[in-house]
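K.L.:
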Amino acid sequence: MQETFYGWYMKCQSDTDTLAVIPAMHRTKHQTACSIQFITDDSVHTARFPGEAYCRRGKTIYIGKNSFNKNGICLSVDTPKLSVKGSLRFAFLTPPKYDIMGPFALIPFMECRHHIYSMCHTVCGTVYVNERKYAFVNTLGYWEGDSGRSFPKQYAWTQCLFPQGSLMLAVADIPMAGIHFTGIIGIVRWMGREYRLATYLGAKAVMIRNGILRIVQHDMKLEVRLVKRASQPLKAPVMGDMARTIHESASCTAYYHFQKAGQTLFSFESSKASFEYEYLC
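In terms of numbering that gives the first Met the number 0, the sequence shown opens at residue 0 and continues consecutively.
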């Protein structure tokens, strides 16, 4: 049995609340299991399931009584420590123009592959997590996923929904064919236009230090800065096993500055940013 994992990250955000739901399947040489992680502004909860609870039919994932697809999420978890009930509907999804991995999507045996299904969409519905109500009425959502064997040893990831735009940036140490390089993938969606930053388009990381990422690609510059953490522990895959603990701030304070051809398109600080910084420095 080959070690592998497959997971979706479905973030929903209102003016007052953030809820990210992560359904995942993980398989080692010895067993298959699945899980759903729930991240809020100030907590994280995990529901674990046996491998047979996972099913994929077409473009819908089922884990027990829970379902996930482009139309939304239906949740039903009832354990002694966790109760999650409710449903969320998605509409007006905005997928990228083409695969975020670019030509790397064609390379076999990559440690981790990233997928973006919607940079921004509307969310409607209500979810109760241990009786705490999370209500979303024409609010915003973001949807991405990962698959492969393991998360990169060192990486940084951020995502932010903001007026007239949305962005995602991931920078990671990538092992390939006995060498390592810094891989970059990112999309800035601004005023209806898509700006892509990627290694395969010439992007370079000129700074990765102390929560600061500075990316340069031809006439584009993106700086991201983690200002104030609000991190929660999450489980991440190592050779298919959810054995690694990472830390995500689903809703924290971050600064973003984006330039194109010497012109600043936006520069702002958000208290609703999502951030993972797993570099040692």
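By construction, the Cβ of each residue, glycine as well, lies at the ideal position given by its N, Cα and C atoms.
The structure presented is a predicted model; accordingly, all values stated were derived computationally and were not measured.
Identify whether M0 lies in helix, strand or coil by the three-state DSSP scheme.
P.N.:
Numbered from 1 along the sequence shown, position 1 holds the residue referred to as residue 0. At M0, the pLDDT of 43 sits below 50, so the modelled position is not reliable and the matter cannot be decided from this model.
K.L.:
Considering Cα atoms alone, identify which of R208, K220, I186 is closest to Y276.
P.N.:
Translated into the one-based positions of the sequence shown, residue 276 becomes position 277. Cα-wise, what sits closest to Y276 is R208.
K.L.:
Tell me whether C54 is buried or exposed, calling it buried when 16 or more other Cβ atoms sit within 10 Å of its Cβ.
P.N.:
If you number the sequence shown from 1, residue 54 lands on position 55. Note on C54: under 16 other CB atoms within 10 angstroms of its CB, so exposed under the neighbour-count rule.
K.L.:
Using only CA atoms, which one of R47, I38, D40, S42 lies nearest to T31?
P.N.:
Counting from one through the sequence shown, the residue named residue 31 turns up at place 32. When only C-alpha atoms are compared, the closest one is R47.
K.L.:
Measuring straight from C-alpha to C-alpha, what distance separates D351 and H25?
P.N.:
A question about residue 351 goes unanswered here, because the residues of the chain that appear run from 0 up to 280.
K.L.:
Could you give the C-beta distance for K58 and N68, rounded to a whole number, given that I count them as a contact under 8 angstroms?
P.N.:
The sequence position of residue 58 within the sequence shown is 59, counting from 1. The sequence position of residue 68 within the sequence shown is 69, counting from 1. With 8 angstroms as the limit, K58 and N68 qualify as a contact, their Cβ atoms being about 6 angstroms apart.
K.L.:
Flag this pair as yes or no: are the beta carbons of Y278 and A155 separated by less than 7 angstroms?
P.N.:
Counted from its first residue, the sequence shown places residue 278 at position 279. Counted from its first residue, the sequence shown places residue 155 at position 156. The Cβ atoms of Y278 and A155 sit closer than 7 angstroms to each other.
K.L.:
Pick out the complete alpha helix (DSSP H) segments inside the stretch 219-278, 4 residues or longer, and give them in chain order.
P.N.:
none
K.L.:
By alpha-carbon positions, which one of F37, W7, T27, Y5 ends up nearest to S18?
P.N.:
Position 19 of the sequence shown, counted from the start, is the residue given in the question as residue 18. Inspection of the sequence shows that residue 18 is occupied by Leu rather than by Ser. Comparing Cα-Cα distances from L18 to each of F37, W7, T27, Y5, the minimum goes to F37.
K.L.:
Look at the Cβ atom of L166, then the Cβ atom of V136, and state whether they are nearer than 7 angstroms.
P.N.:
Position 167 of the sequence shown, counted from the start, is the residue given in the question as residue 166. Position 137 of the sequence shown, counted from the start, is the residue given in the question as residue 136. No.
K.L.:
Check the C-beta distance from M238 over to T39 and give it rounded, since I have them as a contact under 8 angstroms.
P.N.:
Stepping through the sequence shown from its first residue, residue 238 is reached at position 239. Stepping through the sequence shown from its first residue, residue 39 is reached at position 40. No, M238 and T39 are not in contact; Cβ-Cβ is about 29 angstroms, not under 8 angstroms.
K.L.:
Does the stretch 170-184 come close enough to the stretch 93-113 to have 3 or more Cβ pairs within less than 8 angstroms?
P.N.:
yes
K.L.:
Just how far apart, CA to CA, sit M0 and A169?
P.N.:
Here residue 0 corresponds to residue number 1 of the sequence shown, with the count starting at 1. Here residue 169 corresponds to residue number 170 of the sequence shown, with the count starting at 1. Because M0 carries a pLDDT of 43, less than 50, the predicted location of this residue cannot be relied on, and the following value inherits that uncertainty. Near 29 angstroms, if we compare the C-alpha coordinates of A169 and M0.
K.L.:
For the putative contact between Y141 and K10, defined by C-beta atoms under 8 angstroms, what is the C-beta separation to the nearest angstrom?
P.N.:
The residue you call residue 141 lines up with position 142 of the sequence shown. The residue you call residue 10 lines up with position 11 of the sequence shown. The Cβ separation is near 5 angstroms, so the contact holds.
K.L.:
Where does E193 fall in DSSP's three states?
P.N.:
For this step, residue 193 is matched to residue 194 along the sequence shown. In the structure shown, E193 sits in a strand (DSSP, three-state: E or B).
K.L.:
I think M122 touches L87, with their Cβ atoms under 8 angstroms apart; what is that distance to the nearest whole Å?
P.N.:
Walking along the sequence shown from the start, residue 122 turns up at place 123. Walking along the sequence shown from the start, residue 87 turns up at place 88. Sequence check: residue 122 is Val here, not Met. The pair is a contact, with the Cβ atoms about 6 angstroms apart (cut-off 8 angstroms).
K.L.:
If contacts are defined as beta-carbon pairs under 8 angstroms, then V76 and Y127 qualify, I think. What distance do you get, rounded to the angstrom?
P.N.:
Start at 1 with the first residue of the sequence shown, and residue 76 comes out as number 77. Start at 1 with the first residue of the sequence shown, and residue 127 comes out as number 128. Taking a contact as a CB-CB distance under 8 angstroms, the pair V76 and Y127 does not count as one, their CB atoms being some 10 angstroms apart.
K.L.:
With 16 as the cutoff for other CB atoms within 10 Å, does A260 come out buried or exposed?
P.N.:
In the sequence shown, residue 260 corresponds to position 261, counting from 1. A260 should be labelled exposed.
K.L.:
Quick check on F103: does DSSP put it in helix, strand or coil?
P.N.:
The count along the sequence shown starts at 1 and reaches residue 103 at position 104. Looking at F103 - three-state DSSP - the assignment turns out to be helix.
K.L.:
Taking only the alpha-carbon atoms, compute the straight-line gap between T15 and G124 and give it to the nearest angstrom.
P.N.:
Position 16 of the sequence shown, counted from the first residue, corresponds to residue 15. Position 125 of the sequence shown, counted from the first residue, corresponds to residue 124. Using only the alpha carbons, I get a separation of about 15 angstroms.
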